[in-house]
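Since the structure comes first, as structure tokens, the remarks are kept for the end.
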Amino acid sequence: MTVNSVTNPSPNPVRGGACPVCETPIGHHGALCSSCRRPLPAIDAGPVLEVSDLEHTYGSGPTAVHALRGMSLRVQPGEVVLVVGPSGGGKTTALLSMGLLLTPSSGTVNHSGVETRAMTERQRSRQRLLGIGFVFQQFNLLEALTALENVTLPLRYAGVRTAPATARATRLLDDLGLAHRATSRPRELSGGEKQRVAVARALALAPRLILADEPTANLDSASGHQVAEHLVRAARHQRSGVVVVTHDTRLADAADRVLLLEDGRLRESSPSDPAGTRR
Amino acid sequence: MTIALKNLVSETGRLVTSLIGVAFASLLVLVMSGIYIGTIGQVTTYIDNTPASVWVAQPGVTQMFRSVSWLPADTARSVAAVDGVTSASPLLGVPSSFDHDGSHTAYYLVGYDLGAAGGPWELTEGRPIRSGGETVMDAVLAAKNDVGVGDVVRLVDRDFTVVGLSDETAAVGNFYAFVTLADAAQLLRASGRISYVLATAATGLAPETLAQRIEEQVPTVDALTASEFADNSRSIVISMVGRPLLAMILIGLLVGIALISLTVLSMTQEQMRDFGVLRAIGVRPGQLVVTVVVQALVLAVVGYVIGAGATFGVRSLIKGRLGDVTVSVPPWLLAAMAATTLLMAILGSLLPVRRVSALDPALAFRR
Numbered sequence: 000m001t002v003n004s005v006t007n008p009s010p011n012p013v014r015g016g017a018c019p020v021c022e023t024p025i026g027h028h029g030a031l032c033s034s035c036r037r038p039l040p041a042i043d044a045g046p047v048l049e050v051s052d053l054e055h056t057y058g059s060g061p062t063a064v065h066a067l068r069g070m071s072l073r074v075q076p077g078e079v080v081l082v083v084g085p086s087g088g089g090k091t092t093a094l095l096s097m098g099l100l101l102t103p104s105s106g107t108v109n110h111s112g113v114e115t116r117a118m119t120e121r122q123r124s125r126q127r128l129l130g131i132g133f134v135f136q137q138f139n140l141l142e143a144l145t146a147l148e149n150v151t152l153p154l155r156y157a158g159v160r161t162a163p164a165t166a167r168a169t170r171l172l173d174d175l176g177l178a179h180r181a182t183s184r185p186r187e188l189s190g191g192e193k194q195r196v197a198v199a200r201a202l203a204l205a206p207r208l209i210l211a212d213e214p215t216a217n218l219d220s221a222s223g224h225q226v227a228e229h230l231v232r233a234a235r236h237q238r239s240g241v242v243v244v245t246h247d248t249r250l251a252d253a254a255d256r257v258l259l260l261e262d263g264r265l266r267e268s269s270p271s272d273p274a275g276t277r278r
Numbered sequence: 000m001t002i003a004l005k006n007l008v009s010e011t012g013r014l015v016t017s018l019i020g021v022a023f024a025s026l027l028v029l030v031m032s033g034i035y036i037g038t039i040g041q042v043t044t045y046i047d048n049t050p051a052s053v054w055v056a057q058p059g060v061t062q063m064f065r066s067v068s069w070l071p072a073d074t075a076r077s078v079a080a081v082d083g084v085t086s087a088s089p090l091l092g093v094p095s096s097f098d099h100d101g102s103h104t105a106y107y108l109v110g111y112d113l114g115a116a117g118g119p120w121e122l123t124e125g126r127p128i129r130s131g132g133e134t135v136m137d138a139v140l141a142a143k144n145d146v147g148v149g150d151v152v153r154l155v156d157r158d159f160t161v162v163g164l165s166d167e168t169a170a171v172g173n174f175y176a177f178v179t180l181a182d183a184a185q186l187l188r189a190s191g192r193i194s195y196v197l198a199t200a201a202t203g204l205a206p207e208t209l210a211q212r213i214e215e216q217v218p219t220v221d222a223l224t225a226s227e228f229a230d231n232s233r234s235i236v237i238s239m240v241g242r243p244l245l246a247m248i249l250i251g252l253l254v255g256i257a258l259i260s261l262t263v264l265s266m267t268q269e270q271m272r273d274f275g276v277l278r279a280i281g282v283r284p285g286q287l288v289v290t291v292v293v294q295a296l297v298l299a300v301v302g303y304v305i306g307a308g309a310t311f312g313v314r315s316l317i318k319g320r321l322g323d324v325t326v327s328v329p330p331w332l333l334a335a336m337a338a339t340t341l342l343m344a345i346l347g348s349l350l351p352v353r354r355v356s357a358l359d360p361a362l363a364f365r366r
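If you're matching them up, the sequences are chains A and B in order. Numbering that gives the first Met the number 0 applies: residue 0 is where the first sequence begins, and numbers increase by one. Numbering that gives the first Met the number 0 applies: residue 0 is where the second sequence begins, and numbers increase by one.
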């Protein structure tokens, strides 16, 4: 069963006419932005993510673990999808598959209409860098770098010039209420601040898809709520599709859809019982 | 590049430890190589500084340190009569032991004709020998034995007054002490005998030609050019101490590679989680490899500069404490060591690079 999007957003006006990083008007797509050198994605108004009949098995024989059993999902630009479910339900495997970090046993994963199974490792890396923003449970900021440098990181690896990269990172930190923390190192930040920096890093290249793995698990309730709010608002602003994999059903309010992943299968979840505990 | 540098400086303790490791490795190899080069260069100091074009010796004697040459005393006159010889200085020299206040030091006793070639060429203190019963000793030999100008020392079985201390006459246990030719003959019971004749060639006459003429006209001797005699003498020393020194240099290089490898490896290991995150967000293995190699190269360059600077300090220290051990650090050695250190850094990066290249990007999602 394919869990289709419930919204049908209009095409992204920014993507159509301006560089998503430096917002310089651009004439054509598929090359580099003439101002900041960010590689420009081809225009695609379709789903940012389309997963079909995903199956994955760890091991073989009687000890085989079927982590995914035919999972399908479609995410539109600007849409926020929450995937909840119990431990061992296949959430991490699903996230790794969607994030091109794991090749599933069968099924397809399309990113902005492009089938990813045949991609080389180099192409997958490039797609992860330019097309996906990751938010991790453990924040995973580089301790040696300041908040600003952490956010600048994907921009610089993508070849964006220093000045526009710094400007973009500064703007994102400002949007997330962290302008005053730009020069702080991760060890000087609170958990909530770290995760907001991680969100800024995920948004830096304005990827079409953001994958968040338990982004609020290590945060208190207030910080978690704040991080989720920032993530959703910023992602919607730049028309990125968001998939949040979590135990935390309190995030359901921020999502357009809540899906339950259980025993490797995905199904719509009831708004009143997102985790499916009252079946 | 930025990440590599930031990673390096983010942990001061780790950086300092790493730099000390690399600096020590560079220092070790530079000092050992410097001792080897210094020894080779300094060991023939007497031959190099004595103004002779040709060394005339007993047949079969080709070098100075592992043989004793005996010639009839009138050989000097025969050599002087050869066409093209402007001077022929007799020399009587044998290895001996300097026994002083219960300590024993190997040295080379040289008896020379006052006013002729073969005596000390530079003094740090005192004056040259003017008469029998006087000696000029190597300054390092004197310092080692707490002997000064004016002191009386025993050479073989006779007392001599130290009237001067000579410079540049020590090389790895090869010290020189000078007396008159007559005193040497008496000490060595060598009346009517000499060891060598130092012949100087007329202007424009090649030493090889002169050596050939001497051998033709004085049939009971061998004549070697000064450079040939020095090369032979150097070779015999290298055969004695060269291999152990080269072995120590090799050990130093291996220790250096091990130190740099362990340093880069432990640094990379500590950053593996960061590298996993970078791989997850789309950084290619090749880009991470560049980070690892840049870190190793920066460590190598900075560590090498510190190590090279320290080498000059150690050289002064050795010169002050062990005057006979010369640490020679010519520019080509510095350049070669710099290149070797960079090579060590690249070799040391191989294992970390392999680990980073094989890193699973899903590592970033492990809790």
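Cβ atoms here follow ideal geometry from the backbone N, Cα and C, with glycine treated the same way. These numbers were taken from a predicted model, which means no experiment stands behind them.
Residue i to residue j span [Cα, whole Å]
{"i": "residue 216 (chain A)", "j": "residue 30 (chain A)", "result": "39 Å"}
{"i": "residue 111 (chain B)", "j": "residue 90 (chain B)", "result": "5 Å"}
{"i": "residue 118 (chain A)", "j": "residue 336 (chain B)", "result": "45 Å"}
{"i": "residue 132 (chain B)", "j": "residue 122 (chain B)", "result": "18 Å"}
{"i": "residue 205 (chain A)", "j": "residue 99 (chain A)", "result": "18 Å"}
{"i": "residue 152 (chain A)", "j": "residue 260 (chain B)", "result": "27 Å"}
{"i": "residue 116 (chain B)", "j": "residue 129 (chain B)", "result": "14 Å"}
{"i": "residue 115 (chain A)", "j": "residue 46 (chain A)", "result": "14 Å"}
{"i": "residue 24 (chain A)", "j": "residue 91 (chain A)", "result": "38 Å"}
{"i": "residue 362 (chain B)", "j": "residue 270 (chain B)", "result": "12 Å"}
{"i": "residue 223 (chain B)", "j": "residue 316 (chain B)", "result": "38 Å"}
{"i": "residue 196 (chain B)", "j": "residue 18 (chain B)", "result": "55 Å"}
Any C-beta of chain B under 9 Å from that of residue i
{"i": "residue 212 (chain A)", "result": "yes"}
{"i": "residue 139 (chain A)", "result": "yes"}
{"i": "residue 78 (chain A)", "result": "no"}
{"i": "residue 143 (chain A)", "result": "yes"}
{"i": "residue 284 (chain A)", "result": "In this structure chain A extends from 0 to 278, so residue 284 (chain A) is not present and cannot be described."}
{"i": "residue 98 (chain A)", "result": "yes"}
{"i": "residue 260 (chain A)", "result": "no"}
{"i": "residue 239 (chain A)", "result": "no"}
{"i": "residue 194 (chain A)", "result": "no"}
{"i": "residue 57 (chain A)", "result": "no"}
{"i": "residue 7 (chain A)", "result": "Confidence in residue 7 (chain A) is poor, its pLDDT being 37 and thus under 50, which makes the residue's placement too unreliable to answer from."}
Counterpart residues of residue i in DSSP-defined beta bridges
{"i": "residue 86 (chain B)", "result": "B:199"}
{"i": "residue 291 (chain B)", "result": "Per DSSP, none; premise fails for residue 291 (chain B)."}
{"i": "residue 212 (chain A)", "result": "A:244"}
{"i": "residue 133 (chain A)", "result": "A:210"}
From the options, residue whose alpha carbon lies closest to that of residue i
{"i": "residue 160 (chain A)", "options": "A:17, A:63 and A:38", "result": "A:38"}
{"i": "residue 150 (chain A)", "options": "A:130, A:124 and A:177", "result": "A:177"}
{"i": "residue 324 (chain B)", "options": "B:292, B:263, B:16 and B:167", "result": "B:167"}
{"i": "residue 332 (chain B)", "options": "B:31, B:13 and B:284", "result": "B:31"}
{"i": "residue 283 (chain A)", "options": "A:164, A:25, A:154 and A:68", "result": "Absent from the structure is residue 283 (chain A), since the part of chain A shown begins at 0 and ends at 278."}
{"i": "residue 199 (chain A)", "options": "A:175, A:207, A:263 and A:93", "result": "A:175"}
{"i": "residue 177 (chain B)", "options": "B:120, B:143, B:225 and B:87", "result": "B:120"}
{"i": "residue 104 (chain A)", "options": "A:36, A:65 and A:252", "result": "A:65"}
{"i": "residue 246 (chain A)", "options": "A:213, A:19 and A:152", "result": "A:213"}
{"i": "residue 192 (chain A)", "options": "A:58, A:152, A:221 and A:262", "result": "A:221"}
{"i": "residue 328 (chain B)", "options": "B:2, B:79 and B:314", "result": "B:314"}
{"i": "residue 56 (chain B)", "options": "B:285, B:239, B:66 and B:275", "result": "B:66"}
{"i": "residue 58 (chain B)", "options": "B:237, B:360, B:147 and B:217", "result": "B:217"}
{"i": "residue 105 (chain B)", "options": "B:137, B:77 and B:84", "result": "B:137"}
{"i": "residue 136 (chain A)", "options": "A:197, A:142 and A:184", "result": "A:197"}
{"i": "residue 153 (chain B)", "options": "B:267, B:33, B:101 and B:87", "result": "B:101"}
{"i": "residue 253 (chain B)", "options": "B:20, B:4 and B:14", "result": "B:20"}
CB contact check: residue i to chain A, cutoff 9 Å
{"i": "residue 282 (chain B)", "result": "yes"}
{"i": "residue 9 (chain B)", "result": "yes"}
{"i": "residue 357 (chain B)", "result": "no"}
{"i": "residue 6 (chain B)", "result": "yes"}
{"i": "residue 64 (chain B)", "result": "no"}
{"i": "residue 277 (chain B)", "result": "yes"}
{"i": "residue 351 (chain B)", "result": "no"}
{"i": "residue 286 (chain B)", "result": "yes"}
{"i": "residue 354 (chain B)", "result": "no"}
- Query: Residue ranges of each beta strand (DSSP E) run of no fewer than 3 residues wholly in the stretch 29-117 of chain A, ordered along the chain?
  - Reply: 48-57, 64-74, 79-83 and 105-110
- Item | alpha helix (DSSP H) runs contained entirely in the stretch 89-173 of chain B, provided each spans 4 or more residues | 138-143
- Item | Inside the stretch 7-54 of chain B only - alpha helix (DSSP H) runs reaching at least 4 residues | 11-41 and 44-48
- Query: Mind pulling the alpha helix (DSSP H) runs of 4 or more residues that sit fully within the stretch 250-338 of chain B?
  - Reply: 271-279 and 284-320
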